[in-house]
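Per full-length UniProt numbering, the very first residue in the sequence shown carries number 1; after that it's consecutive.
Think of the CB as a built atom: it goes at the ideal place given N, C-alpha and C, for glycine as much as any other residue.
Since the model is a prediction, treat every value here as computed from it, not as a measurement.
Shown next, in structure tokens, is the structure this report addresses.
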Amino acid sequence: MAPKTVIVGLLHDVVEDTPVTYSELEDRFGEEVANMVEAVTKASYFTMTNRDQMKTAYLMKLIMSTNKDTRVIIIKIADRMHNMLTLKYMRPEKQKIIARETLDIYANLAERMGMRTAKNLLEDHSFKYLEPEEYAYVTSLVEESREEREKTLQEIIEKISQSIKYEHFLLDTKVFGRSKAVYSIYKKMVYFGHQFQDINDLLAIRIICQNIDECYSILG
């Protein structure tokens, strides 16, 4: 990550929480850093003051359109990830408010930015505070079968990788796999009315090709 982005990540709350001004930031770190810190502060302002009055979709669009620099969105998502990891120290009613905002806005922002790991973390932690009993139940089921799923996942990745290498002669293609996140599994259980053991797609495989021709070659 670029040094200026790291600097903004460290300074993102300075204008909002301390007497330090925009001008002081500009003098010390330059205009670009000061502008990004100000943009992160504005993104916080939108969610704090407008979440009850505006529809979630509009609020997301407002944040995205206001912050043309995608680094600002990334920093804001990272900030919210940290907030969720320390949410246990807040009052229960505050936990639910922040968790709902995180699920409705920041998890969706992370998905739009292609930050799947961040999206899953934000969703799972929001789920934990919004529906604690359901979260505990699904988490226990996931943990019970984790070892078996991870073993199956590695076997699938190895089989696909060998096929791509020795049957299609593609040496630069990458194969990745992951287990579905807790909230994602819960949504499937609710949507389809299934029990955990009836959910078939608990694993996901991603194959990264170098070009379109390689993609179709692998698909057969």
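Taking the C-alpha atoms as reference points, what is the distance between residue i and residue j?
i	j	result
Tyr135	Phe127	6 Å
Arg28	Leu219	54 Å
Glu32	Phe192	48 Å
Asn35	Tyr106	21 Å
Thr173	Cys209	5 Å
Leu141	Ser163	32 Å
Val190	Asn200	14 Å
Val138	Ser23	50 Å
Tyr186	Ile98	20 Å
Ile73	Asn83	15 Å
Suppose the cutoff is 8 Å on Cβ atoms and the five residues either side in sequence are ignored; what does the same chain contact list for residue i look like?
i	result
Asn120	Ala181, Tyr183 and Ser184
Val14	Val20, Leu25 and Val37
Leu171	Lys165
Using CA coordinates, which residue listed in the options is at the minimum distance from residue i?
i	options	result
Ser217	Val8, Lys165 and Thr139	Lys165
Pro92	Pro132, Tyr186, Leu219 and Glu150	Pro132
Thr18	Thr41, Ala118, Gln95 and Phe192	Thr41
Leu130	Thr152, Arg116, Thr102 and Phe169	Thr102
Ile205	Lys187, Asp213, Glu167 and Arg149	Arg149
Leu153	Gly177, His12 and Glu167	Gly177
Glu214	Met81, Phe169, Ala43 and His12	Phe169
Glu143	Gly114, Ala99 and Ser179	Ser179
Quick one: is residue i near chain D, going by C-beta distance under 8 Å?
i	result
Leu10	Of the protein chains in this structure there is only one, and it is not chain D.
Using a Cβ-Cβ cutoff of less than 6 Å, which residues in the same chain neighbour residue i once the five nearest sequence positions on both sides are dropped?
i	result
Gly9	Ile75
Ser145	none
Thr5	Arg71
Ile207	Val175
Which of the three DSSP states is assigned to residue i in this structure?
i	result
Ala204	strand
Gly177	strand
Phe219	Contrary to the premise, residue 219 reads as Leu rather than Phe in this sequence. Helix.
Met115	coil
His82	helix
Val20	coil
residue 221	No answer is possible for residue 221: it lies beyond the span of the chain, which begins at 1 and ends at 220.
Met189	helix
Please return the same chain residues whose Cβ sits closer than 7 Å to the Cβ of residue i, not counting the five positions on each side in sequence.
i	result
Gln95	Leu87 and Tyr129
Asp124	Ala181, Val182 and Tyr183
Met115	Ile77
Met81	Ala118, Leu121 and Leu122
Asp69	Met36 and Ala39
His12	Val37, Val40, Ile75 and Asp79
With contact counted as at least three CB pairs below 8 Å, one residue from each stretch, are the segment 101 to 119 and the segment 68 to 80 in contact?
-> With the cut-off at 8 Å, the segment 101 to 119 and the segment 68 to 80 touch.
Counting pairs of beta carbons, one from the segment 191 to 199 and one from the segment 149 to 159, are three or more of them closer than 8 Å?
-> no
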